[in-house]
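Data first, discussion second: the structure below is written as structure tokens.
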Ligand SMILES: [Zn+2]
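Numbering (our numbering), first residue to last: 1 to 393.
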């Protein structure tokens, strides 16, 4: 109840502040009167007596019946306890808002984030099966959310005892079948995503923008100085490259190839730092497109468009990380060869100690033209053991 009263005063205070923005001014009469009436009525609250004992000497089961309501100024909730001798325990939750009931009926994912979070929290505590609709005039929480004067509270039967149907053993309550339009306003809209393949021009533009951002982050002083046609500091890492900033704002190598007939991109490659994610990605791409090429190959490929500071080290480091290359570099298991026979390692004249080989049969094509036919042949070879001499027939 206090919520309602407080918000009423709060509203007055705001309207008063809007009129007089500066300094401390006496409270207007309307507010003063309202405040005095409220103070006087507070003493009435002493006359409210609530019998507290809810225990029973018999074996009793209980039912909790909760009512809730919200207005623009306050939220209100009230819970009543009903006791029975033979009845299963149950939890009842009532609201007069069909919108809220429609929200609670569905899974939170159907609603926008704000509503979804609250629906999820409520459903965790009280499932939808326990929620029911109550008409606004029978909802005691309504008095709390709207706010009433203390003198009204003393004789407020709805608040003190709840709606009349609480005295009946069974509730004849239901749930709305239709979903109000207001509830659907909070429905989560499914965003349609359009998937399309990026064109070569778009990809190139994206690459240049990424390079530009990296250059601005990594070489801010150089980019700023070169943009206003000033020379870069002597200690700059880029000094030896004679860099310049092109019309697109990209930092490029000056070099000595101005008079060369090669393309501008190759003459003046884009400068990129040694340690950067973008650099690693460019190296990985070059390494893969060159079928896991060596450091030299990859560097030559990259330098057609980019100049990496300490490029050789950067490329070598990145290639070392390549799993496939690492697998191919690893040594395979080899078998130790046995000892050679004594005849092969003792000195002797040629062809004194020999070994023979007879591979075959070998298909030999004999004759010419119409007489052409195939014959099987044998090949014999004689190898001297103690020298490199070899005889074949
Ligand atoms: Zn590789």
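Where a beta carbon is used, it is the ideal one built from N, C-alpha and C, also for glycine.
Nearest in C-alpha terms to residue 329, of all of 335, 337, 320, is 320. The chain-ordered list of residues whose CB is nearer than 5 Å to some heavy atom of ligand 1 reads 292, 322, 324, 325. For residue 264, the enclosing alpha helix (DSSP H) begins and ends at 264-267. In terms of Cβ geometry, residue 160 and residue 132 do not form a close pair [threshold 8 Å].
Annotated as proximal: residue 252 and residue 269, with beta-carbon spacing under 8 Å.
In this structure residue 144 is in contact with residue 74, their Cβ atoms being roughly 7 Å apart against a cut-off of 8 Å. Counting only unbroken stretches of 3 or more residues, the beta strand (DSSP E) elements lying wholly within the region 33-89 are 61-70, 75-84, in sequence order.
One Cα belongs to residue 49, the other to residue 82, and the distance between them is close to 19 Å. Relative to residue 35, the option among 391, 150, 286, 384 whose CA is nearest is 150. Around residue 354, the same chain offers 382, 383, 384, 385 as residues with beta carbons nearer than 7 Å, after the five sequence neighbours per side are excluded.
Within the same chain, and ignoring the five residues on either side of residue 63 in sequence, the residues whose Cβ sits closer than 6 Å to its Cβ are 82, 90.
Beta-bridge annotation (DSSP): residue 375 is paired with 364. Residue state for residue 132 is assigned as strand, using DSSP reduced to three classes. Of the candidates 95, 61, 136, 380, the residue whose Cα lies closest to the Cα of residue 126 is 95. Going by beta carbons, residue 243 and residue 271 fall inside the 8 Å limit. For secondary structure counted as the alpha helix (DSSP H) over 4 or more consecutive residues, the region 141-203 holds these complete runs in sequence order: 141-146, 150-154, 157-161, 181-184. The C-beta distance from residue 238 to residue 212 rounds to 16 Å, too long to fall under 8 Å, and the pair is not in contact. Residue 66 and residue 190 have their C-alpha atoms roughly 35 Å apart. For residue 319, the secondary structure class from DSSP, reduced to helix, strand or coil, is helix. Membership of residue 308 in any alpha helix (DSSP H) is not indicated; the residue belongs instead to the beta strand (DSSP E) covering 306-308. When the beta-carbon positions are compared, residue 186 and residue 111 come within less than 8 Å of each other. Cβ atoms of residue 140 and residue 162 come within 8 Å of each other, at about 6 Å.
In the three-state DSSP reduction, residue 381 falls in the strand class (E or B). Bounds of the alpha helix (DSSP H) holding residue 103 are 98-105.
The beta-bridge partner set that DSSP reports for residue 357 consists of 381.
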